[in-house]
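Chemist: Numbering (the numbering used here), first residue to last: 34 to 220.
For reference, the structure I am asking about is given below.
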């Protein structure tokens, strides 16, 4: 059986054809990039911040946005642009996970030193704040994504599954494992 990539399985719409009801309206010459950016950049950045941290989030979002625009420029537009952008952000975050882990470890070490010296403020000042950041940093990208969409976006498992292109049962499994990990680390 030939290998198919995720982009091969993504439903697409020919941007030169009339669209179905409910599909995003694109002009015959492609979507308005500025409008797409204005519409989605904030949510993408929040999501990416959870996955890779606030320092790397803008880079992840830029790379993901560029990848999606490349797909659209090829004459295909995803039927669910928000979901496609979110999945692409998750994929880019996964690609950058190894280097992000090293940066997060350095950041956590710096926060812990600052907390020991009494220089930090807010939740980072407490040991719980440091422990919470460390526990979340230990979650997989998929587990972080599920936690983000469940608690910050207030989505149910079916909605999260649609956004991440995974089964609702997989969402529930990631959520259960993430909760268990956080409970163990923070108890």
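Where a beta carbon is used, it is the ideal one built from N, C-alpha and C, also for glycine.
Computed from a predicted structure; not experimentally measured.
Here's the rule I'm using: 16 or more other beta-carbon atoms within 10 Å means buried, otherwise exposed. How should residue 156 be labelled?
Modeler: Confidence in residue 156 is poor, its pLDDT being 49 and thus under 50, which makes the residue's placement too unreliable to answer from.
Chemist: Can you give me the C-alpha to C-alpha distance between residue 72 and residue 123, rounded to a whole angstrom?
Modeler: 18 Å
Chemist: Cutting at 6 Å between CB atoms, please list the residues of its own chain near residue 172, excluding the five before and the five after it.
Modeler: 211
Chemist: If the criterion is Cβ atoms closer than 8 Å, does the pair residue 110 and residue 94 meet it?
Modeler: no
Chemist: Going by CA-CA distance only, name the one from 205, 218, 69 that's closest to residue 179.
Modeler: Of the candidates 205, 218, 69, the one whose C-alpha sits nearest the C-alpha of residue 179 is 205.
Chemist: Does residue 200 come out as helix, strand or coil in the three-state DSSP assignment?
Modeler: coil
Chemist: Which residue's Cα is closest to the Cα of residue 216: 195, 167, 193, 198?
Modeler: 167
Chemist: Spell out the partners DSSP gives residue 167 in its beta bridges.
Modeler: Beta-bridge pairing links residue 167 to no other residue.
Chemist: Apart from the five residues on each side of it in sequence, which residues of its chain come closer than 8 Å, Cβ to Cβ, to residue 101?
Modeler: The answer, listed in chain order, is 111, 114, 117, 118, 121.
Chemist: Helix, strand or coil for residue 111, going by three-state DSSP, please let me know.
Modeler: Strand.
Chemist: Does DSSP put residue 176 in a helix, in a strand, or in coil?
Modeler: Of the three classes helix, strand and coil, the one that applies to residue 176 here is helix, per DSSP.
Chemist: Might you give, ordered along the chain, the residues of its own chain that have their beta carbon closer than 7 Å to the beta carbon of residue 35, omitting 5 neighbours on each side?
Modeler: Because the pLDDT at residue 35 is just 46, under 50, the model does not fix this residue reliably, and the value given afterwards should be weighed accordingly. Excluding the 5 residues flanking it on each side, residue 35 has no same chain C-beta neighbour closer than 7 Å.
Chemist: Under 8 Å, do residue 193 and residue 126 count as touching if we go by C-beta distance?
Modeler: no
Chemist: Could you tell me whether the Cβ atoms of residue 181 and residue 98 are closer together than 8 Å?
Modeler: no
Chemist: Once you ignore the five residues that flank residue 83 on each side, which residues in its own chain have a CB closer than 6 Å to its CB?
Modeler: 177, 181
Chemist: Using a Cβ-Cβ cutoff of less than 6 Å, which residues in the same chain neighbour residue 198 once the five nearest sequence positions on both sides are dropped?
Modeler: Here residue 198 has 120 as same chain residues with Cβ atoms under 6 Å from its own Cβ, once five neighbours each way along the sequence are excluded.
Chemist: Could you please give the first and the last residue of the uninterrupted alpha helix (DSSP H) stretch that includes residue 83?
Modeler: DSSP places residue 83 in the uninterrupted alpha helix (DSSP H) bounded by 66 to 85.
Chemist: Which of helix, strand or coil does DSSP assign to residue 207?
Modeler: Correct three-state label for residue 207: helix.
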